[in-house]
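Quick notes on the structure that follows.
Protein chains: 2
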Amino acid sequence: MPRPTERRSFWTWGYVSDEPSAEERAKAAKLVSQRLGREISPPSVPNIEEIKLRVPRLDVPSRLGEFVTSEHSERITHTYGGHSTELLAAIRGHFPSPPDAVAHPRNSDELESVLEWCSTNSICAIPYGGGTSVVWGLNVPEKCDSAVSIDMDCMSGLLEIDQVSRAAKVEAGILGPHLEDALRPHGLTLRHFPQSFPWSTVGGWIATRSGGHYATNHTHIDDFVESVTMLSPQGWFQSRRLPGSGAGPSPDRLILGSEGIFGIISDAWLRLQKRPVYRASLGAMFSDWEKGTEAVRAVVQAKLWPANLRILDPVEAGVNAGLDGTRSLLILGFESADVSQQFSIETAAEIVRDYGGEFEQEDILVADGTGRATGRGGKVGAWRQSFIGVNAGVGLGLGLLSDTFETAITWDQWPSFDAYIRDKVGSVLREVLGESSTLACRFTHVYPDGPAPYYSFSGPVPIGEEFKHWKAIKDAASEAVVDAGGTITHHHAVGRMHKSGWTKQTPLGYDQVLRAIKKEFDPQGVLNPGVLVDP
Amino acid sequence: MPRPTERRSFWTWGYVSDEPSAEERAKAAKLVSQRLGREISPPSVPNIEEIKLRVPRLDVPSRLGEFVTSEHSERITHTYGGHSTELLAAIRGHFPSPPDAVAHPRNSDELESVLEWCSTNSICAIPYGGGTSVVWGLNVPEKCDSAVSIDMDCMSGLLEIDQVSRAAKVEAGILGPHLEDALRPHGLTLRHFPQSFPWSTVGGWIATRSGGHYATNHTHIDDFVESVTMLSPQGWFQSRRLPGSGAGPSPDRLILGSEGIFGIISDAWLRLQKRPVYRASLGAMFSDWEKGTEAVRAVVQAKLWPANLRILDPVEAGVNAGLDGTRSLLILGFESADVSQQFSIETAAEIVRDYGGEFEQEDILVADGTGRATGRGGKVGAWRQSFIGVNAGVGLGLGLLSDTFETAITWDQWPSFDAYIRDKVGSVLREVLGESSTLACRFTHVYPDGPAPYYSFSGPVPIGEEFKHWKAIKDAASEAVVDAGGTITHHHAVGRMHKSGWTKQTPLGYDQVLRAIKKEFDPQGVLNPGVLVDP
Numbered sequence: 001m002p003r004p005t006e007r008r009s010f011w012t013w014g015y016v017s018d019e020p021s022a023e024e025r026a027k028a029a030k031l032v033s034q035r036l037g038r039e040i041s042p043p044s045v046p047n048i049e050e051i052k053l054r055v056p057r058l059d060v061p062s063r064l065g066e067f068v069t070s071e072h073s074e075r076i077t078h079t080y081g082g083h084s085t086e087l088l089a090a091i092r093g094h095f096p097s098p099p100d101a102v103a104h105p106r107n108s109d110e111l112e113s114v115l116e117w118c119s120t121n122s123i124c125a126i127p128y129g130g131g132t133s134v135v136w137g138l139n140v141p142e143k144c145d146s147a148v149s150i151d152m153d154c155m156s157g158l159l160e161i162d163q164v165s166r167a168a169k170v171e172a173g174i175l176g177p178h179l180e181d182a183l184r185p186h187g188l189t190l191r192h193f194p195q196s197f198p199w200s201t202v203g204g205w206i207a208t209r210s211g212g213h214y215a216t217n218h219t220h221i222d223d224f225v226e227s228v229t230m231l232s233p234q235g236w237f238q239s240r241r242l243p244g245s246g247a248g249p250s251p252d253r254l255i256l257g258s259e260g261i262f263g264i265i266s267d268a269w270l271r272l273q274k275r276p277v278y279r280a281s282l283g284a285m286f287s288d289w290e291k292g293t294e295a296v297r298a299v300v301q302a303k304l305w306p307a308n309l310r311i312l313d314p315v316e317a318g319v320n321a322g323l324d325g326t327r328s329l330l331i332l333g334f335e336s337a338d339v340s341q342q343f344s345i346e347t348a349a350e351i352v353r354d355y356g357g358e359f360e361q362e363d364i365l366v367a368d369g370t371g372r373a374t375g376r377g378g379k380v381g382a383w384r385q386s387f388i389g390v391n392a393g394v395g396l397g398l399g400l401l402s403d404t405f406e407t408a409i410t411w412d413q414w415p416s417f418d419a420y421i422r423d424k425v426g427s428v429l430r431e432v433l434g435e436s437s438t439l440a441c442r443f444t445h446v447y448p449d450g451p452a453p454y455y456s457f458s459g460p461v462p463i464g465e466e467f468k469h470w471k472a473i474k475d476a477a478s479e480a481v482v483d484a485g486g487t488i489t490h491h492h493a494v495g496r497m498h499k500s501g502w503t504k505q506t507p508l509g510y511d512q513v514l515r516a517i518k519k520e521f522d523p524q525g526v527l528n529p530g531v532l533v534d535p
Numbered sequence: 001m002p003r004p005t006e007r008r009s010f011w012t013w014g015y016v017s018d019e020p021s022a023e024e025r026a027k028a029a030k031l032v033s034q035r036l037g038r039e040i041s042p043p044s045v046p047n048i049e050e051i052k053l054r055v056p057r058l059d060v061p062s063r064l065g066e067f068v069t070s071e072h073s074e075r076i077t078h079t080y081g082g083h084s085t086e087l088l089a090a091i092r093g094h095f096p097s098p099p100d101a102v103a104h105p106r107n108s109d110e111l112e113s114v115l116e117w118c119s120t121n122s123i124c125a126i127p128y129g130g131g132t133s134v135v136w137g138l139n140v141p142e143k144c145d146s147a148v149s150i151d152m153d154c155m156s157g158l159l160e161i162d163q164v165s166r167a168a169k170v171e172a173g174i175l176g177p178h179l180e181d182a183l184r185p186h187g188l189t190l191r192h193f194p195q196s197f198p199w200s201t202v203g204g205w206i207a208t209r210s211g212g213h214y215a216t217n218h219t220h221i222d223d224f225v226e227s228v229t230m231l232s233p234q235g236w237f238q239s240r241r242l243p244g245s246g247a248g249p250s251p252d253r254l255i256l257g258s259e260g261i262f263g264i265i266s267d268a269w270l271r272l273q274k275r276p277v278y279r280a281s282l283g284a285m286f287s288d289w290e291k292g293t294e295a296v297r298a299v300v301q302a303k304l305w306p307a308n309l310r311i312l313d314p315v316e317a318g319v320n321a322g323l324d325g326t327r328s329l330l331i332l333g334f335e336s337a338d339v340s341q342q343f344s345i346e347t348a349a350e351i352v353r354d355y356g357g358e359f360e361q362e363d364i365l366v367a368d369g370t371g372r373a374t375g376r377g378g379k380v381g382a383w384r385q386s387f388i389g390v391n392a393g394v395g396l397g398l399g400l401l402s403d404t405f406e407t408a409i410t411w412d413q414w415p416s417f418d419a420y421i422r423d424k425v426g427s428v429l430r431e432v433l434g435e436s437s438t439l440a441c442r443f444t445h446v447y448p449d450g451p452a453p454y455y456s457f458s459g460p461v462p463i464g465e466e467f468k469h470w471k472a473i474k475d476a477a478s479e480a481v482v483d484a485g486g487t488i489t490h491h492h493a494v495g496r497m498h499k500s501g502w503t504k505q506t507p508l509g510y511d512q513v514l515r516a517i518k519k520e521f522d523p524q525g526v527l528n529p530g531v532l533v534d535p
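Going down the list, the protein sequences come from chains D and U.
The first sequence runs 1 to 535 under the working numbering.
The second sequence runs 1 to 535 under the working numbering.
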């Protein structure tokens, strides 16, 4: 694959063309000004060429020169992932720890060459997919004497289609939309749509165990990985393509979630779907949030396996789906390539109504065999727009601090878990960001044994002091989540941001086990140091 | 838990009361005599007290004396698993490598004590669940200087029920029926029914990634493990109870399939179901086996997630479901605690009919909300009886060699995979067991991307030479399965029997990775040596 001609943005998700315009930023600033009651202007974006970087601490060998570069803008655009703390540093021109070079291997041989160069010279090797990490997963740690960011954007092809098994072999660097574009002519789809979908890659999804489109049953990319190929400094590690197996601990499951510390994922066989043509959806309102979550539990425990089963609390439903701020919105959706979803949606709707969900019969939208989308109008559609319309750059540096944290917890702990989180995080939020700060919750995925709650917070922050305030809230949130029995992340990954929470939640001794595994794959410890385990 | 009062059988699955009677064995001998055309009598069962054993090679410390014993019959009943090669050796009184002692820890402290004793004295520690391993998973290798079998039968309680999340914490030594008995009053069920169900344990299921009741979607015990606790010589390893997570490589998935080489599973939180009251089933016949398997593919790819979706080839359907030997039998079943299965079965039945499946409309049995079982009559019921009626002891030593091997393969490789297996294994079978030998296939589980075929073979063998002939066939089968792209096991585990095939199918370097993990958990290498990795 040739290198994409378009340049990545250095201060928002995606490419330069994805950057919000000056007008959009001004409009956002105006809205924030109204909310905060004082005049705020968007920060100016520095000229990329004028950003100061330390001198590269290594020389790229000439044999690697065709695909490894120390070019200024390449180093800039590979310094940060997509978290607001990073984008804010970027838009302010702070790049204290850029990679010394960026590699764009175009094939397995080049991937081998660059990783071997790193390994034999103790150069840190940072795997780079789409650059949307929100957990500090791709930064160069200060301890590294030198570092290369290995961007997989030239290894991004669809290699093989298996129509009979509904599977495809794809290279790790393929972006979500490119994958779907390549599959569409074959009538197939992966249907894995993390919020970062336009800018994130298959390799990144696998490395971070990303959560996708399906709110129930097969929620993580894990379920769609049929086999995977990874290059470590010790060589190629390739699992066998199998629909299922019970032979020893699964090698795929060792790679899934390894976040680049064992090797670089180069390609994978993925399980696909036929494109859905039967669809059904429903939005139902609840005046009682807790009752609404009970309805979600009842639906998921009935095992009808809806593709969508989410609930937004009153704050979230007000901001993102146009509700009045007092009611929750439960979103239900079914889809299939082969089978009418009428029975499923009606059965689920009945459960929702039994639990006090408010909707009219005509709110149940069914498109049988037409392929027509049913979840794009009304409240459900409004929510969908706000979800896919994420633009990380638009609100940067406007004196409004926003972030999210997400987890999963068993139902027996719910809703006391929710109350605990709102109490602990809410009090820190009010203390740090003031009484006008907000905390909202939705479920992104649900299981018969528990939900995956996703919290969003927002509030005014003194411009220039975002990091300090963010950290106080984030620390409180991480501590509360783990103390109350949740996981530090359901689908955002661990990275460097969640490492201490993760260490608390994992079994005693797991850290040593992972180090031992890493030592087998990466004896020099060059791969993504500081992620998951200490370097 | 007190020690079960009933004694295990030393020559068949389960307890002494499970042993076939002299009459049953005589009847079986008569049937075999008819098939082989010569008079065959069942071998006599030796008196357990008269079986010769080597002297125990260790002294049990007095502090462990309350739950560790070197008693003769205990050592005998813990020498072998449930494979016919083992049972045949047992009924002939050959016990060359018994454990030197057997432990029945009654609590965590005792489990710690015995494992610490083993670890500090380099005594091999062989975890023992229900003793039904069919892959030589619990034997004492010749290389061990001394060995203790650690039987978990006294750690077999239901510890906690979580009705809201539908989960339970159970000790690893609980047997299938005892677990279901304990859950029944709570309206819950695990519904995990491997063929060894009456005699196998939760700990064994987890250690071996056993395959269960559900033919689609959640096929392995893996999907029902919410968290797990394991004791290794380095201490307790306990994962957090979570409905889902994307935080790093899953620690549960490292324990699942570890077959006792990292530690001894002591308890687990399991995801449960409400007992089904809506059921539906159908048996359909196909005159064309390949066409029948295509129907299975179409049904599983429609993602209706039937609980049962199996197909028996003409030989299997003839022997075990009473068909005429020319037609295949497709078995379809749906069940739910909450939702009518009428729509699902009718939709699936239509697909089956489209592919040429033969059945009458009244063959579609639906029991809506009554709890009545629908799969117990007719052809489907006949098959069910033959599946659950397995009695490993009844045909022992009658000059008929029978065994099974099972795998999984993607659909694009099917049916050429089937043809390859039948060719390779069939020719060795005919060579070794003669022209009257049979080879049959069924699918035990199916996935959207491939089936899990299960092969059974049978044929006459000179009494006393079973092992040699069995080995020739088994080696050919293992080689064919792995060479043709399958897994050496879909749900029977690896043990010592499948180790070489497993090594061939797993990624290069995986062996070293597992050794490194084992070294972290078990630095002395005392746990189940020779399983998965070399000692």
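Every residue gets a Cβ at the ideal spot worked out from N, C-alpha and C, and that includes glycine.
The model shown is predicted, which means the values in this text are computed figures rather than measured ones.
Query: Lysine 169/D to isoleucine 161/D span [Cα, whole Å]; Result: 7 Å
Query: Residue closest to proline 99/D, alpha-carbon to alpha-carbon, out of Leu53/D, Trp117/D, Pro42/D and Glu112/D; Result: Leu53/D
Query: Reduced DSSP secondary structure (H/G/I, E/B, other) of alanine 337/D; Result: coil
Query: Chain-ordered neighbours of alanine 493/D on chain U, where CB pairs are closer than 9 Å; Result: Gly246, Ala247 and Gly248
Query: Residue environment, serine 427/U, which counts as buried when at least 16 other CB atoms sit within 10 Å; Result: exposed
Query: Separation of tryptophan 269/D from arginine 240/D, as counted between CA atoms; Result: 9 Å
Query: Helix, strand or coil at glycine 536/U according to DSSP, with G and I counted as helix; Result: The displayed coordinates of chain U run from 1 to 535. Any statement about residue 536/U would go beyond what the structure contains.
Query: Buried versus exposed, by CB contacts within 10 Å (16 or more), proline 462/U; Result: exposed
Query: Proximal residues, the segment 230-242 of chain U versus chain D, C-beta separation under 9 Å; Result: Met230, Ser232, Gln234, Gly235, Trp236, Phe237, Gln238, Ser239, Arg240, Arg241 and Leu242
Query: Continuous beta strand (DSSP E) stretch holding asparagine 308/D: start and end; Result: 308-312
Query: Chain-ordered chain D contacts of glutamine 301/U [CB-CB under 7 Å]; Result: Arg166
Query: Where tyrosine 80/D falls: helix, strand or coil (DSSP); Result: coil
Query: Boundaries of the alpha helix (DSSP H) in which glutamine 34/D is found, first to last residue; Result: 22-36
Query: C-alpha distance - proline 61/D paired with glutamate 112/D, whole-angstrom precision; Result: 14 Å
Query: Unbroken alpha helix (DSSP H) run spanning leucine 111/D, endpoints; Result: 108-120
Query: First through last residue of the alpha helix (DSSP H) which encompasses isoleucine 473/U; Result: 466-483
Query: Nearest neighbour of glutamate 316/U, chosen from Ala382/U, Leu159/U and His213/U [CA to CA]; Result: Ala382/U
Query: CB contact below 9 Å: alanine 477/D versus chain U; Result: no
Query: Segment limits, beta strand (DSSP E) that includes isoleucine 517/D; Result: Careful: isoleucine 517/D lies outside any beta strand (DSSP E), inside the alpha helix (DSSP H) at 510-521.
Query: Residues near serine 33/D in its chain [Cβ-Cβ closer than 6 Å; skip 5 each side]; Result: Glu39 and Ile40
Query: Beta carbon proximity, proline 451/D to chain U, threshold 9 Å; Result: yes
Query: Serine 456/U vs threonine 438/U beta-carbon contact at 9 Å; Result: yes
Query: Phenylalanine 387/D (DSSP reduced to helix, strand or coil); Result: helix
Query: Tryptophan 411/U at chain D interface by Cβ criterion, 9 Å; Result: yes
Query: Chain D contact for valine 225/U (CB, 9 Å cutoff); Result: no
Query: Beta-carbon gap between leucine 58/D and valine 148/D smaller than 9 Å; Result: yes
Query: Beta-carbon neighbours of histidine 490/U, restricted to chain D and to distances below 7 Å; Result: Gly244, Ser245 and Gly246
Query: Contact with chain U by threonine 219/D, beta-carbon distance below 9 Å; Result: yes
Query: Those residues which DSSP pairs with arginine 8/U across a bridge; Result: Tyr15/U
Query: Cβ neighbour criterion (16 or more within 10 Å) applied to valine 55/U; Result: exposed
Query: Three CB pairs or more closer than 8 Å across the segment 327-344 of chain D and the segment 300-311 of chain U; Result: yes
Query: One or two residues paired with valine 366/U in a DSSP bridge; Result: Ala280/U
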